[in-house]
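Notes follow once the structure below has been shown.
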Amino acid sequence: MTGRTVTRRMPREQRREQLVDAATTAFARTGGYPRTSLEEIAAEAGVTAAIIYRHFTSKAELYQAAIDRACLRLFHTATDADGELTDLSLARMLTWASAEPAAFRLLFRYARLEPEFSHDIEQLWSSMVGAARPHVAAIASSPAWADWGAHLNTTVVIESILVWLDSGSPDPAEAAARLALTVTGIEQAVRAPS
Numbered sequence: 001m002t003g004r005t006v007t008r009r010m011p012r013e014q015r016r017e018q019l020v021d022a023a024t025t026a027f028a029r030t031g032g033y034p035r036t037s038l039e040e041i042a043a044e045a046g047v048t049a050a051i052i053y054r055h056f057t058s059k060a061e062l063y064q065a066a067i068d069r070a071c072l073r074l075f076h077t078a079t080d081a082d083g084e085l086t087d088l089s090l091a092r093m094l095t096w097a098s099a100e101p102a103a104f105r106l107l108f109r110y111a112r113l114e115p116e117f118s119h120d121i122e123q124l125w126s127s128m129v130g131a132a133r134p135h136v137a138a139i140a141s142s143p144a145w146a147d148w149g150a151h152l153n154t155t156v157v158i159e160s161i162l163v164w165l166d167s168g169s170p171d172p173a174e175a176a177a178r179l180a181l182t183v184t185g186i187e188q189a190v191r192a193p194s
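For the sequence shown, the positions run 1 to 194 when UniProt numbering is used.
Spelled out as structure tokens, the structure:
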């Protein structure tokens with residue numbers, strides 16, 4: 001045995017997806033962009049670094065591809081065909097985070113703290129706040145409280161899902177119900193006091 005990694009040929013798009021999958025896992029496992037080497041990603045994918053360079057010009061390009069794919073998947077998971085939040089959005093986000101915990105962590109634990117990539121996550125966060133705002137504004141006592149509630153809802157949902165993942169992802173249905181109660185509490189807080 002020569003110790004070489006043996007890879008089977010795949011169609012270009014399939015290989016690219018495999019590399020993004022492996023990169024997402026490696027980046028989340030090792031603690032983000034600066035702590036992850038191309039060799040670790042290659043090992044996760046079962047390929048050599050040369051294979052990665054056939055598809056991506058740099059580690060940064062691969063990281064960006066992982067971020068972009070995770071953002072797109074989160075958007076399609078949490079919204080309806082018109083891009084709007086629904087009553088199922090929380091449960092669907094939890095289901096996606098459970099199925100793709102590395103992608104969720106990549107977005108909200110690592111990429112948002114990395115200067116080279118945080119702008120994308122700030123835009124994602126801002127769009128999530130924007131999607132929540134109309135729902136909160138419909139019941140808020142003022143525009144300022146609607147803004148506060150939309151930001152707080154987004155922050156609580158994201159951080160709650162991260163903690164839920166870190167706790168072993170207990171009972172997704174129950175987690176969704178508990179998270180919905182938390183969101184309802186925030187919505188109650190933005191109403192005018194009686």
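Glycine is no exception: its CB is placed at the ideal position from the N, C-alpha and C atoms. Computed from a prediction, not measured in an experiment: that's the story for all the values here.
DSSP bridge partner residues for Leu85 (one or two, in chain order): DSSP output for Leu85 lists Thr79 as bridge partner(s).
Three-way DSSP call (helix, strand, coil) for Thr10 in this model: The sequence given here has Met at residue 10, not Thr. Looking at Met10 - three-state DSSP - the assignment turns out to be coil, as it is neither helix nor strand.
Touching by the beta-carbon criterion (3+ pairs, under 8 Å), the region 14-30 and the region 39-49: With contact defined as three or more Cβ pairs closer than 8 Å, the region 14-30 and the region 39-49 are in contact.
Spatially closest choice to Leu85 from Gln18, Leu62, Thr154, by CA coordinates: Distance from the Cα of Leu85 is smallest, within the candidate group Gln18, Leu62, Thr154, for Thr154.
Buried versus exposed call for Glu100 [16 or more other C-beta atoms within 10 Å across all chains shown]: Residue environment analysis places Glu100 among the buried positions, since at least 16 neighbouring C-beta atoms fall within 10 angstroms of its C-beta.
Where Val47 falls: helix, strand or coil (DSSP): The DSSP-derived three-state label of Val47 is coil.
Length of the line joining the Cα atoms of Ile161 and Ile52: Rounded to the nearest whole angstrom, the C-alpha separation of Ile161 and Ile52 is 31 Å.
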